Each structure stands twice: as structure tokens, then as C-alpha cells.
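To keep things clear, I will list the structure first and then write my remarks on it.
There are 2 protein chains.
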Amino acid sequence: MSAFQELMAYQRDTEALAQVGGRLGWDQETVMPRGAAQQRGTEMGVIEAVLHARRCDPRVGEWLERAEAPDAAGQAQLREIAREHERSLKVPADLARRLAQVTSQAQGKWAEARANEDFSAFRPILEEVVSLKRQEGAALAQEGDPYDALLDGYEPATNAAQIAAMFDAMRPRLVALRAAILERPMPQGLTRQFDEAGQMELSRELAGAFGYDWTRGRLDMAVHPFCSGSGDDVRITTRIDSADPFNCLYSTIHEVGHATYEQAINPDYALTPLGRGASMGVHESQSRIYENQLGRSRAFCGWLFDRMRTSFGDLSVADADAFYAAVNRVHNGYIRTEADEVQYNLHIMLRFDLERALISGDLAVGDLEAAWNDRFKQDFGYAVDCPSNGCLQDVHWSVGLFGYFPTYTLGNLYAGCLNEALRRDLPDLDDQLGKGDLGGATGWLRDKVQRHGGLYLPAEVIGRASGMPVTEEPLLTYLEAKFGALYRL
Amino acid sequence: MSAFQELMAYQRDTEALAQVGGRLGWDQETVMPRGAAQQRGTEMGVIEAVLHARRCDPRVGEWLERAEAPDAAGQAQLREIAREHERSLKVPADLARRLAQVTSQAQGKWAEARANEDFSAFRPILEEVVSLKRQEGAALAQEGDPYDALLDGYEPATNAAQIAAMFDAMRPRLVALRAAILERPMPQGLTRQFDEAGQMELSRELAGAFGYDWTRGRLDMAVHPFCSGSGDDVRITTRIDSADPFNCLYSTIHEVGHATYEQAINPDYALTPLGRGASMGVHESQSRIYENQLGRSRAFCGWLFDRMRTSFGDLSVADADAFYAAVNRVHNGYIRTEADEVQYNLHIMLRFDLERALISGDLAVGDLEAAWNDRFKQDFGYAVDCPSNGCLQDVHWSVGLFGYFPTYTLGNLYAGCLNEALRRDLPDLDDQLGKGDLGGATGWLRDKVQRHGGLYLPAEVIGRASGMPVTEEPLLTYLEAKFGALYRL
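Chain order of the listed sequences is A and B. According to our numbering, the stretch in the first sequence is residues 1397 to 1885, in order. According to our numbering, the stretch in the second sequence is residues 1397 to 1885, in order.
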């Protein structure tokens, strides 16, 4: 075997073990008995220790020096393996293991504190997580900025300054759009109850319509919907609110966007570094365009209105236009995942600033709740009423995802570019969506983005797919047009 | 740290990884998407490769040479670690990995072949499994007998000759008992349907009554009921037959016997070699005594009769005596797991002889179906009607469990000894069982057997608990008395 082949065989085992770790994470959030939390923390720590040791193995460095890639995909494999090898070498083994162990347990503490509306119960373990992440950031950054180093783990080839500049460019137009909308009459929402079985049945149908391969996945319930796994075992979760069926349906469509991305990747890349999405931002671009530009479009809402009436009878809104307005209602609210397209990115900006301050040390965990509440009041104009609507609403920080939030807005921005190109390439898209036919859109995305997996860097894959440089302009133009029409601005 | 402490810290990680492998097995049999079978095989192979390398690590040998155990439990730890180290060193790494990979996939092939009644679809991969197990047996046995070496993996300190002698001693009395019973009128079984929800609700209640700790476990459905995991995450499965509620209820009680054993082990042994049952035979003694000597006793059946009438209304049998007779009906049938206490061990003897012949090479996989059917006719007097009632009924061989079946009869035999001692120590046991109170019995078993985990060798733990040498006599005496009375022999 050549050095390249030896390296790839070794890497295949590492990737398989990483899949096992991911499967344990799925188990923890869906089916694990409550009393198993501590033992699971130990198990997660050991799996991470094995993975870390494999990624740091000196043989990887030797193979990388000698390996000759047979083609462009091989070069990308070497790029990703080297990146992971170098990042892993910077993080001490004990720290990597401790992080896996603590974040596994912190997740349970977060869920409990959130259920009990008690930030103080979560505070001690969050302090430990933040302390460990600061150490990890410092180890990764060496002379650079720790937050940038953490961000780089989710979105290569960007940094906090670029993100901040992007946010600065977006904020005034989003704030102005929001203000204009909130002066207009609020459309009516749905005012009845929707049974769980009916919501789940429709969720399953929508998942299939958006291209989810059920033979290689499954749908379960979770506190915080997520997608887990790569290759032939990509699982999604959703949640149900009997008064708000859109919570369940659009969570499902969102996670199907993530899942079909993983399922569509070139099978030659299975159990290699290219066998997963290009970055969290690109991943989010798929879930966002499925959920919003496609799923919340006027054309698709027309089809969904009829489909929901078949399942549930009268929907308490007059017609498809009123239904479309209800789906896209811009409303006051506390929860990021339930936010409309206009306000969503303001939620991300809040988290971005707070998490940077936590990692830099400018904000102590003990002051987080007050800082969140102050900032929320300032940005949204009303006060947080309880911790589960405030700084306890998201799972991310408990599991150590610092530097992750901005990838949501990057995903929105990528989705804006892709949507413009998709509509240019498929002039009859709305006709298809109006029939509940997602085949054209998901086929385009599969071909342009998804099948490539990690072959290209984020801006490259979005740039190649959309045929334009990546900027916030298409997203803002789309939002202003859509909501301008909806609210007669 | 002393050599002993270093070794134990190392071993703790190995045990945690073994738990992860077990969790993947649970996942595969309960929730895994069908299309993930091949990828899962790869994952199982890699986990096994990591475990095998850890168990063979030269440091383990060095620590074992230098380690001084602080107490008797420490000595038992060293005994078990050395045993596993020596066994692992004999099995080539490639073989260990290949076995994990192939058996993971073979399980899916078995389930498919069983559903389609097609042994020929299962034959090729079973040939591969048998070939690999013969290699493993030969590697482990060195100069000795390969089947003995495989058996030793499930039940230390016994061999096939001892098992065969035990079977020879049991068979004439079981055959005579069966023949006498089959000449008597057959009691009536239940003749109505039982809804799934009611069966599951009662299963959950029974699990709790038999001591299952729900905070550290869960109950799911599986084709073949099983128990999985140790310590704080011990999961059970069951299955439902709407015409036969005893299938679900007694499968659940059986698996609860396994599960409470794991849950009751001294927590100081968590994630060590002593933190699991002493052997498969001792494990089976717990599931068997829960299911049969306790669960199918006249006293408990009296309580269960009332309880089931509360849930389901009229049961189609006249009274508690008729219910007890229905629960313990000795009837013709093909399926081992549904067999009554009298005939169960005859099923095991059939499998023991066939699997020894497969491992020795005297029987080819291609001839297995015919050999099974011939032997079944000879032992039971009627012909197998379809493969799912014949050689495709059990999952065991697909997952490489050769040498495992005899531990079921060993378990019955151990349960016979324990039952005699339990009834000696708790004279009012039947009063308790008649009230549905399992606390006295399960408390005795917890104290005498379960809490010790792997501290003692099988015959030692059963001998200490029952205060008698381990023989088949108590089991046979119990069966002859119970069924003699039931059938007025």
C-alpha cells in the first residue's frame, strides 16, 4: 500500500469511531435513561480520548509527509486530515477527554435547570465548560485569538472580525425592516389545537417529500431538534407543540435539510473527512433553504394549506394567503428557533457578542443571565420573563459549542445566494412547489452542493453553486422583498 | 500510582469502551435504520479492534506481573483481567475484527431470512461465521478442544464433556416426565386477544415489581428479547403476541432477571471486570428463577390472575387454578423461548449437539437445516413445518454465539439450587408471592448472588448462595413435583 492508501485506511477507522461517538450523542438526547448520565460522561470521555490519540498519532504526520494524492478529492482528503491532525496536536489529551466528559454531563444539567427555570443550578457546570473551552481556545490559538480558533472548528477560513463586519452590514437593514413590520397590523396565527399523531404523520410525509431516505434514517422526539450521523445512518429529531404545528413541521423540514445533505454525499467519500458537510455554515444553508426559501414560500404554503386541511380540517385561517401570512408572521417572542426570518439573525448577534465575551473573559458566567436579559431588552424592546425564554433556551453552550452560533447566520447568507441562483436556474420552481413537488429544488441542491461533501471550502462550494461571490446582499434583498410584500411596506 | 492502580485505571477505560460496543448492539437490534447495516458492521469491527488492542497491550502483562491486589476483590479483578488478556493474545487482531464485522451483518441477514422463511439466504454468511468461529476456537484452544475454548468464553471452569454428562443425567428423567404429561388431558390455554397497550402497561408494572430500576434502564421491542448493558444503563426488550400475553409478560420478567442482576452489582465494581455477572450461566439462573420458580409459581399466578382480570376483563379460564395450568401448559411447539419448563432443556440439548458438530467440522452449514429437522423429529415426535420454527428461530449463531446455548440449561440447574435454598430461608415466600410481593425473593437473590457481580467463579457463587454442591437434582426434583401435581401423575 502507498502512504496515501495507508493513511486513508487508518482514517477510515477514525471516522467510524467518530460515528460511534455521534451515535452515543443521539442516544443520550433521545433514549438514554436519566440515571445513566454520569456513566455516559465516562464513556464519551474515553471515546474522545481514543479519537484524540488516533488523530495525534505520529504515523499520521509521517503519512502526510509522504502521501501523494491521486486526484483533487485525494488532495482535499489530505487537506482535511492535516487540518484535524494539527488541531488535535495543539490540544492536550487530558483536556480533550475532560471536555467530552463534562459536556456530556452538562447537557443533562442544562435540561434539568431549564425545566426548573433555575439558572443557578446550571451555573457551576457551565463555569467548568467555559473554563475548559477557554483553555482549548488558547491551546488552539497559540498566539492568535481563542474565539477565532474555536470558530475555525465549525467554519474554516473565517474569523470573528469578518463575522462582526457581516453583522454590522446586516443589522441596520434588519432592524429597519423589523421596525416597519411591527408598525403594521399583525396577521392572525392559528388558534386551534393539532393532535400529535396528525403532526407526526404529516412530518413523515414532508420528510419524504423533501428527499429524506427513510431506509437510512429515522425520526424521534428531542427537547432540541437535531440531526445526527453521516453516510447510511443519518437520524433526525423534532418536537411537538399542540398549539403550533409549524414548530414540528418546520423543525422536521429543517433537520431534513441537514440530513439529506449527509445522505446525498458521494458514497466514495463514506467514512472519510469528505464524507460530511463542508462546514456548519454550509450545513445550515441546506437546512435554512429547505425550511425558509422553499418551505415558507408562498407557492409551497399554498400546497401545505390544502394538505393540512385534509389532515386536520378547518385551520382557523381564511385562505392560502392568510395561511402564508400565519406561517411567516413576524411576532414578538423569546425563542431563537421559533423566530421568523427577519428577527432570527438578531438572536444570533446577541449570542455572538455574549459568547465572545465569555471566551475572552470579559463576561463571567455568574453575570451571564443579567447580561443576556439586558441585551435582549435593548435589542427587542421587552424583558425576558423566565430563564427558559432567556439564556437557558439553547443547548449549545452546555455541550461546549462556542463559536457555533454565527454559522447559523452564515447559513442564512449562503442560503440567500443559493436561492437566487436556484430561481435563476429553475424558472418554474414556484409551479413545482405549488404542487408540493420538491424534486427540482432538492435535485439542484444535491447536484450543486450536497454531493460534494467536504470537497471544497465553504465559500468555494457556495460560490461555485451560486455563480456569485458570497455576500449578505441576496439574503437581505430576498427578506425585504418577501416581507415588504407580505406587510405592504 | 501503584501497578495495581494503573492497571485498574486502564481497565476502566477498556470496560467503558466495551459498554459503548454493547450500546451499539442494542441500537442495532431496536432502532437502527435497515440501510445502516453495512456501515454498522464497519463500526462494530473498529470498536472490537480498539478493544482487542487494548486487551493485548503489553503494558497489561507488565502491570499484571507487578500488581499486588489490596484485597480479595482486587485478586478477583486480577484473575479476570489476566484471563481476558491471555484469551485476547491468542486471537489474531484481524480475526477479532472480522468476527465483529461479519456477525454484525449476519444478524440482519438472519432476520431477513427468517422473515422470508429462506435458510438458503442465510447460509452463505453463516458459513463465514462458522468458519471464523472455528478459527477463533482453534486459536484459543491451542492443543485443546475448540468448542471447549468457545464455551469457556461464556462459562469459565466447565467443558463440553461435563455438560454432556449433565445432559445425559437429565435427559431420561425429562423425557419420562414429558411422556407421562403428554398422556394426560391438556389444560386449556387462553383463547382471546390481548391489546398491545395493556400488555405493555402490565409488563412495565411487573418489571417494577421484580425490582427493575427504571431510572437506569428502559424497555423496548425487539425480534428476540434481550438485556443489554451494565452499571447505570441496563436496557431490556420484549415482544408482543396479541393471542399469547404470556410471551410478552414472561419475556419481560426473564429479561428483568438479567437486568436487576447487573443493576444490583456492588457499585464499587462499576466499569471493572467484576461489574458484570459471574457467567452467562449464573446470569441465566437469575432470569430463570424470576421467570419460572417465582413468576410461574402457583402463588404468584394467583395474584397475576386477579391483576390481569383488572386490566383485561374475563380471561377465558375459569379460576386461578385453571390460569396456573394455562401458564404452565406443557404443549407441543417448535420454539425454544416459548417452551415450558419440562421441554426447554430438550431444546438446548439439540442445539448443543448440532453446534458442537458445526465447530468440529462434522456437520457442514449446508446440511444444518436437514440435521436440525431430523433431530427435532426424533426428539419431539413431529416435523418442523417451516425454517422460522426450525433452525432459523434463534439469533445466536448469526452473532457468533457458539458454546452459549448450554449456559441456558446450566442456568436452569443453578436456579434449581437457588430455589431450594430460597424456600428454605423464606418459609413464607408463597404468602408474599400471593400478594404480588417479590421483595423477599429478589432481596435474597440480590444479597446472595447479584451484588457480588464477577467476584466468584460460577459454581462458587451458586454454592455459597445455596449452601449445597451444584447438581441437577434440585431442578429435576422441583420439575417432577410441580408438574406431577399439575398433571396428577
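The beta carbon of each residue, even a glycine, is placed where N, CA and C say it ideally should be. Since this is a predicted model, take the numbers as computed values, not measurements.
Quick check on DSSP: helix, strand or coil for residue 1632/A?
strand
Looking only at its own chain, which residues have a Cβ that is under 7 Å from the Cβ of residue 1859/A, when we skip the five neighbours before and after it?
1865, 1866
Between the stretch 1433-1441 of chain A and the stretch 1619-1629 of chain B, are three or more C-beta pairs nearer than 8 Å?
yes
Give the residues from the stretch 1618-1645 of chain A that approach chain B closer than 8 Å (Cβ to any Cβ), ordered along the chain.
1627, 1628, 1629, 1631
For the pair the stretch 1848-1855 of chain A and the stretch 1672-1689 of chain A, tell me if three or more CB-CB distances fall below 8 Å.
yes
Can you find the residues in the same chain that come closer than 7 Å, C-beta to C-beta, to residue 1720/A, ignoring five residues on each side of it along the sequence?
Here residue 1720/A has 1694, 1697 as same chain residues with Cβ atoms under 7 Å from its own Cβ, once five neighbours each way along the sequence are excluded.
When burial is assigned at 16 or more other CB atoms within 10 Å of the CB, is residue 1728/A buried or exposed?
exposed
Assuming residue 1468/A and residue 1474/A make a contact with CB atoms under 8 Å, what is their CB distance in whole Å?
Their Cβ separation, rounded to whole angstroms, is 11 Å, which puts residue 1468/A and residue 1474/A out of contact at 8 Å.
Tell me the rounded alpha-carbon separation between residue 1471/A and residue 1812/A.
Between the C-alpha atoms of residue 1471/A and residue 1812/A there is a straight-line separation of about 30 Å.
Would residue 1439/B pass as an interface residue toward chain A - the criterion being a Cβ-Cβ separation below 9 Å?
So, interface residue.
Taking the alpha helix (DSSP H) that residue 1616/B belongs to, which residues open and close that run?
That residue, residue 1616/B, is in no alpha helix (DSSP H); its beta strand (DSSP E) goes 1615-1617.
Less than 6 Å between C-beta atoms, sequence neighbours within five positions excluded: which residues of the same chain meet that for residue 1493/B?
Cβ within range, chain order: 1441, 1444, 1445.
Measuring only the C-alpha atoms, how far is residue 1523/B from residue 1816/B?
43 Å
Given this structure, state the Cα-to-Cα distance separating residue 1838/A from residue 1512/B, to the nearest angstrom.
Going by the C-alpha atoms only, they are around 36 Å apart.
Contact between the stretch 1785-1802 of chain B and the stretch 1650-1661 of chain B is defined here as three or more beta-carbon pairs at a separation below 8 Å; is this criterion met?
no
Straight-line CA distance for residue 1635/B to residue 1640/A?
Distance between the alpha carbons of residue 1635/B and residue 1640/A: 35 Å.
According to the neighbour-count rule (16 or more other Cβ atoms, all chains shown, within 10 Å of its Cβ), is residue 1692/B buried or exposed?
buried
Any idea what DSSP makes of residue 1599/B, helix, strand or coil?
helix
Thinking C-beta only, is residue 1656/A closer than 9 Å to residue 1897/A?
Missing from the structure shown is residue 1897/A; chain A here goes from 1397 to 1885 and no further.
Using a Cβ-Cβ cut-off of 8 Å (strictly less than) and excluding sequence neighbours within five positions of residue 1868/B, which residues of its own chain qualify?
1562, 1565, 1566, 1809, 1812
Under a three-way DSSP split, which group does residue 1527/A fall into?
Helix at residue 1527/A.
Compare the C-beta of residue 1420/A with all C-beta atoms of chain B and state if any pair is closer than 9 Å.
Chain B, which has a Cβ nearer than 9 Å to the Cβ of residue 1420/A, makes this yes.
Taking C-beta pairs closer than 7 Å, name the residues in chain A that residue 1429/B reaches, listed in chain order.
1611, 1612, 1613, 1614, 1629
Can you grab the Cα-Cα spacing for the pair residue 1616/A / residue 1763/B, in whole Å?
Distance between the alpha carbons of residue 1616/A and residue 1763/B is about 43 Å.
Smallest Cα separation from residue 1806/A: which of 1745/A, 1419/A, 1772/A, 1777/A?
1745/A
By how many angstroms is the C-alpha of residue 1740/B removed from the C-alpha of residue 1830/B?
26 Å
Grab the span of the alpha helix (DSSP H) containing residue 1684/B for me, first residue to last.
1676-1684
Just reading off the alpha helix (DSSP H) that residue 1858/B is part of, what are its end residues?
1854-1862
Do residue 1429/A and residue 1612/B have their C-beta atoms closer together than 9 Å?
yes
Secondary structure at residue 1624/A, three-state DSSP: helix, strand or coil?
strand
Does the beta-carbon distance from residue 1413/B to residue 1450/B come in below 9 Å?
yes
Looking at residue 1401/A: is its Cβ nearer than 9 Å to the Cβ of residue 1667/A?
no
Have a look at residue 1733/B and residue 1480/B and give me their C-alpha separation to the nearest angstrom.
Spanning the alpha carbons of residue 1733/B and residue 1480/B requires a straight line of approximately 31 Å.
Which bits of chain A does residue 1536/B rub up against, with CB to CB less than 9 Å?
Here the premise fails: no neighbours, minimum Cβ distance about 25 Å.
By alpha-carbon positions, which one of 1725/A, 1879/A, 1548/A, 1738/A ends up nearest to residue 1584/A?
1725/A
Where does residue 1757/B land, buried or exposed, given buried means 16+ other C-beta within 10 angstroms?
exposed
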